[in-house]
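Report on the structure given below.
Numbering (the working numbering), first residue to last: 67 to 114.
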């Protein structure tokens, strides 16, 4: 609605009987490239 780019990165560790979880990242308009780079770094860190 505001035009701010956002995406969700899944958090590993969910298992049987657990709800899936994710981290939502939001950036200022025009910062899509930074948002994607941050998501890649977060994804790498979460995977260990």
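Where is the CB? At the ideal position from N, CA and C, for every residue including glycine.
Owing to the predicted nature of the structure, the values given are computational and were not obtained by experimental measurement.
First and last residue of the beta strand (DSSP E) that includes residue i?
i          : result
residue 73 : 72 to 77
residue 68 : Note, residue 68: premise wrong, no beta strand (DSSP E); not H, not E.
Go ahead and pull the three-state DSSP assignment for residue i.
i           : result
residue 106 : helix
residue 112 : helix
residue 91  : strand
residue 85  : coil
Tell me which same chain residues have a C-beta within less than 6 Å of the C-beta of residue i, skipping the five on either side of it?
i          : result
residue 86 : 80
residue 76 : 88
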